[in-house]
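Quick note: the sequence shown, position 60, residue 60 per our numbering, numbers continuous. For reference, the structure is listed below as structure tokens.
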Amino acid sequence: MRILLWWLLFTALCIWVHSFIHGIDCFGPALLVLLHLKRIKEAVWLTPIWILINEGAGSLAFGLSVLWIGGLVVLFYLLCQYLSSSNLLFLLTLSLLAGAWNSTVVFLMAALQELNIPPEEILLLGIKTAVLFPFLWSGMVVAFQH
Numbered sequence: 001m002r003i004l005l006w007w008l009l010f011t012a013l014c015i016w017v018h019s020f021i022h023g024i025d026c027f028g029p030a031l032l033v034l035l036h037l038k039r040i041k042e043a044v045w046l047t048p049i050w051i052l053i054n055e056g057a058g059s060l061a062f063g064l065s066v067l068w069i070g071g072l073v074v075l076f077y078l079l080c081q082y083l084s085s086s087n088l089l090f091l092l093t094l095s096l097l098a099g100a101w102n103s104t105v106v107f108l109m110a111a112l113q114e115l116n117i118p119p120e121e122i123l124l125l126g127i128k129t130a131v132l133f134p135f136l137w138s139g140m141v142v143a144f145q146h
């Protein structure tokens, strides 16, 4: 019961952060930290919940969060083939790739819906993701280990 309460509070905190920092997803880094800590069971049951929350809160068509989270998991496991997930270079590389992936997914989904989002806004979102990702990761590693 305590673990359920913890994840409920964590999810509420992530939603609160989303409301202050437009376009930043806390659930993606959280999922990757769970994979890093080998907490697969929690990752499996939390992922669909977080995807549904993101999809319901977003203004783009259904599928953006599925692509975003799926791509992050693929990037995580590909990078794990070359670096240890506890390595600083791993985190910095993953952050850059997450930023690039974020911009790619938003650009793709906006184009599919024929939305005119300025490319510099999409690029800025990717940069913001890449910059904040290591801080989110570090905070979550500390929080999840206790």
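Glycine is no exception: its CB is placed at the ideal position from the N, C-alpha and C atoms. Just so we're clear, the structure is a prediction, and the values are computed from it rather than from any experiment.
- For residue 134, the CB contacts under 8 Å within the same chain, skipping 5 residues up- and downstream, are 91, 92 and 95 in chain order.
- Leaving aside the five residues that flank residue 123 on each side, the residues in its chain whose CB is nearer than 7 Å to its CB run, in chain order, 103.
- Taking residue 43 as the centre and dropping the five residues before and after it, the same chain places the C-beta of 31, 34 and 35 closer than 8 Å to its C-beta, in chain order.
- Non-local beta-carbon contacts of residue 87 in its own chain, meaning distances under 8 Å to residues more than five positions away in sequence, are absent.
- Contact annotation: residue 17 and residue 68 have beta-carbon atoms that are not nearer than 7 Å.
- The beta carbon of residue 50 lies closer than 6 Å to those of 27 in the same chain, with the five residues before and after it left out.
- Sixteen is the threshold: when 16 or more other Cβ atoms of the shown chains lie within 10 Å of the Cβ of residue 136, as they do, the residue is buried.
- Around the CB of residue 3, fewer than 16 other CB atoms lie within 10 Å, so the residue is classed as exposed.
- By the neighbour-count criterion, in which 16 or more other beta carbons inside 10 Å mark a residue as buried, residue 20 falls on the exposed side.
- Residue 75 is a Cβ neighbour of residue 97, given a cutoff of 7 Å.
- Under the DSSP assignment, residue 102 falls in the alpha helix (DSSP H) whose first and last residues are 88 to 112.
- Comparing alpha-carbon positions, the option among 140, 37, 125 and 41 lying closest to residue 100 turns out to be 125.
- Judged by DSSP secondary structure, residue 77 falls within the alpha helix (DSSP H) whose first and last residues are 64 to 80.
- CA-CA distance, residue 48 to residue 70, rounds to 11 Å.
- Going by beta carbons, residue 107 and residue 37 fall outside the 7 Å limit.
- Bounds of any alpha helix (DSSP H) do not take in residue 39, whose DSSP letter is neither H nor E.
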